[in-house]
Structures are given as C-alpha cells and as structure tokens.
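Position one of the sequence shown corresponds to residue 1 (full-length UniProt numbering), numbered consecutively onward. Here a beta-carbon is modelled for each residue, glycine too, at the ideal position from N, C-alpha and C. Here the structure is a predicted model, which means the values were calculated and not measured.
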Amino acid sequence: MKIPAMNSPLAVCSSIDEIVRDVIATSGHEDPFYVVDIQDIIKKHKNWLLKMPRIKPYYAVKCNSCPLVLELLTALGLGFDCASKGEIDTILDLNVSPSNIIFANPCKTMSFIKHAANVGVDLMTFDNEQELYKVAKFHPKARLIIRIKVDDSHAVCRFSSKFGADLDKAAGLLSVAKSLGLNVVGVSFHVGSGCENAKSYADAIANAKYVFDLGTEMGFQMNILDIGGGFPGTSTVEITFDEIAKVVCEALDHHFPEGESDVTIIAEPGRYYVASAFTLATLVIAKRLVTTSDGQKTAMYYLNDGVYGSFNCTIFDHCEVYPSPFYIENEEHNVTETLNTTLWGPTCDSMDCIKKNVMLPEMEVGDWIVFKEMGAYTIAAASTFNGFQLPSLKYFADEYTMATLRNLQSWHRISKHFNIDEETDAKDIFDVDIHHLGLISVH
Numbered sequence: 001m002k003i004p005a006m007n008s009p010l011a012v013c014s015s016i017d018e019i020v021r022d023v024i025a026t027s028g029h030e031d032p033f034y035v036v037d038i039q040d041i042i043k044k045h046k047n048w049l050l051k052m053p054r055i056k057p058y059y060a061v062k063c064n065s066c067p068l069v070l071e072l073l074t075a076l077g078l079g080f081d082c083a084s085k086g087e088i089d090t091i092l093d094l095n096v097s098p099s100n101i102i103f104a105n106p107c108k109t110m111s112f113i114k115h116a117a118n119v120g121v122d123l124m125t126f127d128n129e130q131e132l133y134k135v136a137k138f139h140p141k142a143r144l145i146i147r148i149k150v151d152d153s154h155a156v157c158r159f160s161s162k163f164g165a166d167l168d169k170a171a172g173l174l175s176v177a178k179s180l181g182l183n184v185v186g187v188s189f190h191v192g193s194g195c196e197n198a199k200s201y202a203d204a205i206a207n208a209k210y211v212f213d214l215g216t217e218m219g220f221q222m223n224i225l226d227i228g229g230g231f232p233g234t235s236t237v238e239i240t241f242d243e244i245a246k247v248v249c250e251a252l253d254h255h256f257p258e259g260e261s262d263v264t265i266i267a268e269p270g271r272y273y274v275a276s277a278f279t280l281a282t283l284v285i286a287k288r289l290v291t292t293s294d295g296q297k298t299a300m301y302y303l304n305d306g307v308y309g310s311f312n313c314t315i316f317d318h319c320e321v322y323p324s325p326f327y328i329e330n331e332e333h334n335v336t337e338t339l340n341t342t343l344w345g346p347t348c349d350s351m352d353c354i355k356k357n358v359m360l361p362e363m364e365v366g367d368w369i370v371f372k373e374m375g376a377y378t379i380a381a382a383s384t385f386n387g388f389q390l391p392s393l394k395y396f397a398d399e400y401t402m403a404t405l406r407n408l409q410s411w412h413r414i415s416k417h418f419n420i421d422e423e424t425d426a427k428d429i430f431d432v433d434i435h436h437l438g439l440i441s442v443h
C-alpha cells in the first residue's frame, strides 16, 4: 500500500509517533498540529455498543466539531446533541435526518426555535416556564423533554447552577405545558461533565423515573429518557467509563426494565468519543533559564499554542494537561536532570500560561512537546487571538481501520477529507465486511 505524503491530511501507518516524527522532520515546519487517531474513535463506539446497548448516543457537537469526526460519527449511526442554529445546520449538512437531532439547550433564542421548526428538528429540552411560552409560540408541535436538576457535585464541570428544574417544580412545569397544549415526551438530566461518581447517574435515573411517572399521570406519553453526558474519555480519570456503564445499566434495568416499558433511552456523550483520539504537537519557540533567589535553576519554555488556542481547556474545562518531550528518532537526548518548568503560550498576554511547576528535562528552541488526550473542548473553543492560527489536523489510521472506513456507506464523503490517491483508495485493499467489525449501531 502506498502511504500518502505528509502534506496529505491522512497517513496510513503503524503509530501516531510515526506521523509526528514525519511531520516535524519536514524542513521548516513550525506550526502546531494534531494527530487524530480514527481507530480510537471507532473503538470507543464499539465499547459503547457493548457496555450500554440499550442507549443510543447523541454526540455533543460542542465538544469537538472537527468535520471528519462528525462525518465518522454520522456513518456509525450516532444521533447529535445540538445547542444552536449553527450546530443544527452543521449536522443537517451531513445529510443527518432531523429526527436524529436533539436541540438540547434548555434556554434557546427565539429565532433558533423557529429555525428548528422550519427544518424539522422537533425534539428539544426545557427547564423553565418562559421557555414553554416561546415553544408554544414558535414550535407548538415540538416534542419536549423536561430537564431536571440532579446532584453534580462529583463532576469537574457542574451545570446545576445554570440548568435543570428542581424536582419540586417539575409538576408545575408539566401543568403549564399541558395548559399550552404542548407535547412533553420525556425527561433529561446531566450529572456534570467529567463525573467521577457512578452513583450520581443511578440517583439521577431514579429521580427521572419519578418525573416520568408524574408526566404519565398527567396524560403525557412519556417515552424518552435522556441520561445526558459526563462520560469520561481519558485514561487519567478516577472512575472508568466501564464502571459507570455498569451502574447505569443496573439502574435502568431497575427503573426502566427492558420489555416492560416502551422507553427509548438516549445519552449525550462528547469527551468520551474524542478526548483520547487527539494528540497535540507543539514547538518550543523560545526559552529562558531563570535562577531563583535560593539558587535553583528553573526553565520557561514558550510554545506555539496556548490558552487562547488549544489550551483554553485548562481554563474553561478544568483540564489537566501532561506535556511530554518528543524526540526525533536517533536524536541524542540523554536526560541527566529535570528542571522546574513553566510552559507559556505564544501570545503577548501574561495570562497565556499553560502549566506551572512541571518537571521537564532542559530543552532547546526547536524541540517539540506533545500532549496526549487533547480532543475534548480544545480546538472547538480555540481562537486566533494575536494572529496565531489554529493547529492543523493530521489523521492517523492503520490498515484495519482503513478497511473499516472503506466499508462504511458514507466512505465517499469521509474520503473527501483526505488527499488519497488511486492506489490507496483501491477497493480491493479494503475488502472487509463492516457487519463483522461490531459497528452496527443501536436504534
């Protein structure tokens, strides 16, 4: 198989390190870039189907709206959690059915509600009375899901101060919806992003069942449970996805037993799918060595990406990042000591500080530092402040992953994101049946 040149967005090779090495070996390359492991995303989906087969994932577009990611998740059969007109239009442009979109923003702009009605996006959330009046006026045929407030004290990013109706207010909101002739079809909640306690999901599901029963008693056809997001996607978490999935499935079997209730269960994972798939490579563009008053030698390295770019996650997503020096093969790198180091971004703002008090070997201008697991709430919220451009994307796939992609029905759309030549794109290279790869989505 011919491997595309490194000016191609796609590399078919054996490892992420191989791509990073090839890119930085290119003469004069000084820009930050991501390597996107497509196989990692596919593995995450297979694991979701295995561990939570009753729950259809609706990917949270806000987490990472990389076009290839959205194309791939569309091909794998996911639905999409959208929060704005722009996100809805982005997903509709992928030929996704409006029925596979949930407008999961409880507080929506009026024109956005009208737009949802015009394009056929009917499923949406609410958590307050004023929202019901807006929906009644601009999208009276909407299928509504009441979002309730749950305990998110074990989450990295909490939402309960901003979103969710208190349990004791749920009956009143349902009564208002009834009086307006609106169609409430389910309950949703969110235990917070990066939840570190599986019991939070179990308790929230129990509360959702209580509101479900309230709605049923009031005459609503309650048939959708949305368990929100918060599922971990990195290796540095205190509780794993598999541990959470076990608790969630047990709670669902207790409160919404399969076969006894005609309930569709959905979720809104974001970071779970993409966090670990993205590796960021940054360049040391400047260096200062500083001796402290007690004689300690410290280092400050200035990188070509910072908190106005990918590392906004350290501020808005409370993310801990882990720098690792990257050495070109055969390059001499005898590490004899490490220095207490501060990493700065490239802008003129002194707040552009990526990380302090990290122990790294002494490095030189022109050396590279990589950060793994950088796919969630990084590039999606990055800016070009001070004129610094966003990192480029390089996609990584081994031959087995390429076989998987080639057998997706939307391969022709996915392949447009790659500069793939005829030899690489040859159909006989990728003769694998997708049904044997465990990628059939729940519906």
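Beta-carbon proximity of residue i to residue j, cut-off 9 Å
i, j, result
"L214", "L252", "no"
"L123", "I88", "no"
"V187", "I244", "no"
"Y273", "C63", "yes"
"I315", "L303", "no"
"G79", "P57", "yes"
"C348", "N312", "no"
"D305", "T279", "no"
"L167", "N207", "yes"
"M402", "Y34", "no"
"L72", "I414", "yes"
"T236", "E320", "yes"
"K134", "I113", "yes"
"C353", "K51", "no"
"K85", "S111", "yes"
Of the residues the options, the one placed nearest residue i, counting alpha carbons only
i, options, result
"D37", "M52, S15, H45", "S15"
"D22", "N407, L303, Y327, A376", "Y327"
"I91", "L76, L70, M374", "L70"
"N183", "D398, F220, G164, I205", "F220"
"Y377", "H29, I24, C66", "C66"
"E362", "S99, T342, K394, S310", "T342"
"F388", "A116, D31, I205, C319", "D31"
"residue 528", "E399, F256, T404", "One cannot answer for residue 528 here, as it falls past the ends of the chain, which runs 1 to 443."
"I42", "Q130, G77, V290", "G77"
"N407", "A75, L94, L68", "A75"
"T404", "H45, S324, F241, H318", "H45"
"A170", "F138, T291, F126", "F126"
Test: residue i CB closer than 9 Å to a CB of chain D
i, result
"T341", "The structure shown contains no chain D; it is built from a single protein chain."
Bounding residues of the beta strand (DSSP E) (the contiguous stretch that carries residue i)
i, result
"G79", "79 to 82"
"G172", "Taken as a continuous stretch (DSSP letters only), G172 belongs to no beta strand (DSSP E), being part of the alpha helix (DSSP H) at 167 to 179."
"N183", "183 to 188"
"E324", "Before going further, note that residue 324 is Ser rather than Glu in the sequence given. Residues 323 to 326."
"A267", "264 to 267"
Coil, strand or helix - residue i by DSSP
i, result
"I224", "strand"
"I16", "helix"
"Y201", "helix"
"G306", "coil"
"F430", "Because the pLDDT of F430 is 31, which lies under 50, any placement of that residue in the model is unreliable, and the number read from its coordinates should be weighed accordingly. Helix, per DSSP."
"T338", "strand"
"Y395", "strand"
"K356", "strand"
"P57", "strand"
"Y210", "helix"
"E97", "According to the sequence shown, residue 97 is Ser rather than Glu. Coil at S97, not helix or strand."
"P67", "helix"
"L439", "The pLDDT assigned to L439 is 44, lower than 50, so where the model puts this residue is not dependable, and the model offers no usable value."
"F371", "strand"
"L144", "strand"
"A281", "strand"
"M124", "strand"
"E196", "coil"
"Y133", "helix"
"residue 444", "Residue 444 lies beyond the stretch modelled for the chain, which goes from 1 to 443, so this question has no answer here."
"E422", "Interpretation of E422 is limited by its pLDDT of 38, a score under 50 that renders its predicted location unreliable; the figure taken from the coordinates is listed afterwards. Correct three-state label for E422: coil."
"K287", "strand"
"K149", "coil"
"F103", "strand"
Where the alpha helix (DSSP H) containing residue i begins and where it ends
i, result
"residue 508", "There is simply no residue 508 to check, as the chain begins at 1 and stops at 443 in what is shown."
"D37", "That residue, D37, is in no alpha helix (DSSP H); its beta strand (DSSP E) goes 33 to 37."
"L252", "241 to 255"
"M110", "110 to 119"
"T314", "313 to 316"
"I414", "411 to 414"
"V274", "271 to 274"
Cβ separation of residue i and residue j, assumed to be a contact under 8 Å, to the nearest whole Å
i, j, result
"A267", "G228", "7 Å"
"A198", "V247", "4 Å"
"L390", "L360", "Not really, about 25 Å apart at Cβ, beyond 8 Å."
"I148", "F189", "5 Å"
"A60", "P269", "7 Å"
"S200", "T234", "In fact, because the Cβ distance is near 18 Å, the residues do not count as touching under 8 Å."
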